[in-house]
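Written below as structure tokens is the structure these notes are about.
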Amino acid sequence: MSLLNPTAALARAVAGVAAQGFVVVARNTRGDSVYLKPEGCTYALRVSNHARTPKQRKNHPDAITSLVIRASTGPAQVDALVETALRNFAGERRKREGDRGGESDGPAVP
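Here full-length UniProt numbering is used: the first residue of the sequence shown is 1, the next is one more, and so on.
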């Protein structure tokens, strides 16, 4: 099994989230934190190599889920982390928006 270095694993994770209808809305200058949102959605999913800092929490209160990859990781592991992050995002989004009887302001998220 080949491992992706952390930078490549983060890029794969961002691509995996983007493939589900999310677009990059913010990226820090080092490129190690990327924020993605479904079109028309208030909330963001964060992909990074570290936990959120107080400054990041202040600047991006819309980030409701984080996917953190700190070490070399296999492609299948990255894909599983993306699936989990998307599921967590969808659950947190439903919780924050409340059940609106199936209405949606963005693409369906697994």
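All C-beta atoms in this analysis are idealised placements derived from N, C-alpha and C, irrespective of residue type, glycine included.
Exposure of A13, with buried meaning 16 or more beta-carbon neighbours within 10 Å: So A13 ends up on the buried side.
Out of curiosity, what's the CA-to-CA distance linking Q20 and K55? Spanning the two alpha carbons is a distance of roughly 28 Å.
Applying the 10 Å Cβ sphere with the 16-neighbour rule, what's the burial state of R94? The residue in question, R94, is exposed, as its Cβ has fewer than 16 Cβ neighbours within 10 Å.
Every unbroken beta strand (DSSP E) inside the stretch 16-68 [3 residues or more]: Counting only runs that start and end inside the stretch 16-68, the beta strand (DSSP E) elements of at least 3 residues fall at 22-27, 33-38, 44-48 and 63-68.
Have a look at G16, A11, S33 and R70 and flag the residue whose alpha-carbon is nearest the alpha-carbon of T84. Measuring from the Cα of T84, the nearest candidate turns out to be G16.
Please report the distance separating the alpha-carbon of A9 from that of G98. Each residue's alpha carbon lies about 33 Å from the other.
Report all residues from its chain with a CB closer than 7 Å to the CB of F89; omit the five preceding and five following residues, and keep chain order. Residues L45, I64, T65 and V109 of the same chain have their beta carbon placed closer than 7 Å to that of F89, with the five preceding and five following residues left out of the count.
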